[in-house]
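Taking it in order: structure first as structure tokens, then the write-up.
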Amino acid sequence: MGHPRGGSTSRLRLYNLDRLSDEDILKIHATSLEIMEKLGIHIQDKEALKTFEKAGAKIDWDSDRALIPTYLVNEMMNQFNPYLSLYNTDGKRTVTLMEDSQYFASIGYANFVLDWRTGETRDVCSRDLEDIVKLCESMDSLDVVHPPGQPADDPPELGDLYQAKTMLLTTRKPIHTHAYTEKHAEKLIAMNTAVMGGMDELRKKPHLIFNINTFSPLAMRKDAAEVIRTAAKNGVPFLVTVATPEFALMRIAISQLAKFYHLPSAGGALLADSNTIDAQYGWEKFMTAFLPSIAGLNIIFGMGLLSQMNVMSCEALVMDVEIAQIIKRIQAGITVDSEHLAFDIIAQEFAKSGFLDNPHTYKHFRKEHFIPSVSDRSMLATWQENGKREVRIRVREVIQERLDAYQKPRQPDSLEQTLEDIIQK
Numbered sequence: 434m435g436h437p438r439g440g441s442t443s444r445l446r447l448y449n450l451d452r453l454s455d456e457d458i459l460k461i462h463a464t465s466l467e468i469m470e471k472l473g474i475h476i477q478d479k480e481a482l483k484t485f486e487k488a489g490a491k492i493d494w495d496s497d498r499a500l501i502p503t504y505l506v507n508e509m510m511n512q513f514n515p516y517l518s519l520y521n522t523d524g525k526r527t528v529t530l531m532e533d534s535q536y537f538a539s540i541g542y543a544n545f546v547l548d549w550r551t552g553e554t555r556d557v558c559s560r561d562l563e564d565i566v567k568l569c570e571s572m573d574s575l576d577v578v579h580p581p582g583q584p585a586d587d588p589p590e591l592g593d594l595y596q597a598k599t600m601l602l603t604t605r606k607p608i609h610t611h612a613y614t615e616k617h618a619e620k621l622i623a624m625n626t627a628v629m630g631g632m633d634e635l636r637k638k639p640h641l642i643f644n645i646n647t648f649s650p651l652a653m654r655k656d657a658a659e660v661i662r663t664a665a666k667n668g669v670p671f672l673v674t675v676a677t678p679e680f681a682l683m684r685i686a687i688s689q690l691a692k693f694y695h696l697p698s699a700g701g702a703l704l705a706d707s708n709t710i711d712a713q714y715g716w717e718k719f720m721t722a723f724l725p726s727i728a729g730l731n732i733i734f735g736m737g738l739l740s741q742m743n744v745m746s747c748e749a750l751v752m753d754v755e756i757a758q759i760i761k762r763i764q765a766g767i768t769v770d771s772e773h774l775a776f777d778i779i780a781q782e783f784a785k786s787g788f789l790d791n792p793h794t795y796k797h798f799r800k801e802h803f804i805p806s807v808s809d810r811s812m813l814a815t816w817q818e819n820g821k822r823e824v825r826i827r828v829r830e831v832i833q834e835r836l837d838a839y840q841k842p843r844q845p846d847s848l849e850q851t852l853e854d855i856i857q858k
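Using the numbering used here, the first residue of the sequence shown is number 434, and each one after it goes up by one.
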């Protein structure tokens, strides 16, 4: 039997973890159309209701409900763009959301922080948020930055703006954040415009995604409607999320439905109910991230939080990044081509079994073997000789190294004052 010499590459991938059959998806779609046409959506914003009415929806003004006909839904679906690219503040495209792409992100908005220096759980302060965003900037496997915490020392009515200011001054990566009101959405767009070099540049190279949260899929709060309207006017993308207790299972279903509608998908995963960093934390984080990852969720939010998303932690962020790296390595699969089958190398070395010092091994081993920064793979005796350092000790060393090596993005000296002026305007 001959051996393959072709240059094509194939990947061994895990079986898809679909929980919905094609028939299930069609049933959900048909029922959704019926719900929107006959029951409608409760919208707590008169301006949004007028927009729906102008587009062709029937409005029940007594109940503030928009009944959306099927033909209108189909018209909108025909305008869907299945792709979205995001850019860092240097103008480099770093995220491209499409059917098979996958990225990881932090999540918020915790009121408490597990202090990595003292082990104390306390209120988040602005320094904590700055430190964790610095870590986000330094971690290659964290692709989109969402403010993990809400600092108690920021003015509460301006919290969304100061969280964005910290991110814009501290990281180059695309940001995903919320706006309290329509006016704040306009200010957040202005702040991102200042960083990206103008409104035209922000439209061409999106850096900001608004997070729109609704507690019911058939109701839209006034603030959510305002932010969606502002985002649409300015060509800024937004992501709508709905809270659910069955995170992993629902994220699988959301991924399938998004593919059916040719839309990018995202959602909370990589989450833990555990109140500290322990074994429960580990299995909950991996379980809630791995299943949505296999299902094909495009952005997996969740890095840096524990205790049902109430506690922010630099330690958690570092460990979550390693979990994400493991998942990415599994998802990458096994490359099968002539270069990796390496028949000629085997023929050259098999008699002496000297593969380790072959240049081919040096070329590929770092890509083929995941090399952890936190996990300990040493033998027992070596671990004992090195002081029996447990995982949180190793994690804290990584945090200190990353913070010491952090380099602030290159920005005009006047940028911080420009952002402050926008906030105070």
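The C-beta atom is built at its ideal place from N, Cα and C for all residues, glycine as well. All values derive from a computational prediction rather than experimental measurement.
Secondary structure note for Asp493: its beta strand (DSSP E) is the uninterrupted segment 491-493.
Taken atom to atom, the span from the alpha-carbon of Ala838 to that of Leu852 is near 26 angstroms.
DSSP places Ala705 outside both helix and strand once states are collapsed to three, so it counts as coil. Beyond the five residues adjoining it in sequence on each side, Gly735 comes within less than 6 angstroms, by CB distance, of Ile540, Gly701, Ala702, Leu703, Leu704 in the same chain, given in chain order. Note on geometry: alpha-carbon atoms of Arg799 and Asp790 lie some 14 angstroms from one another. In this structure, Glu470 and Thr503 form a Cβ contact; the two beta carbons are roughly 6 angstroms apart against a cut-off of 8 angstroms.
CA-to-CA, the gap between Thr647 and Ile474 works out to about 12 angstroms. Under the DSSP definition of a beta bridge, Ile732 partners with Tyr536, Ala699.
Val744 is positioned such that its CB atom lies closer than 8 angstroms to that of Phe545.
The segment 776-783 makes no contact with the segment 740-755; the number of CB pairs closer than 8 angstroms stays below 3.
If you draw a 10 Å sphere on the C-beta of Trp716, you find fewer than 16 other C-beta atoms in it, and that means exposed. Contact between the segment 636-652 and the segment 607-616 is present, with at least three C-beta pairs closer than 8 angstroms. Residue environment analysis places Phe537 among the buried positions, since at least 16 neighbouring C-beta atoms fall within 10 angstroms of its C-beta.
A residue is called buried once 16 or more other Cβ atoms fall within 10 Å of its Cβ, and Met624 is buried on that count. Between the beta-carbon of Ala722 and that of Ile756 there is about 6 angstroms, and that keeps the pair under the 8 angstroms contact cut. In this structure, Pro650 lies away from Ile685, with their beta-carbon atoms at least 8 angstroms apart. For Arg835 and Lys491, the gap between their C-alpha atoms comes out near 55 angstroms. Annotation: Ala728 to Gln689 spans about 7 angstroms, alpha carbon to alpha carbon.
Here Met720 carries a helix assignment [DSSP, helix/strand/coil]. Between the alpha carbons of Pro697 and Ala691 lies a distance of about 6 angstroms.
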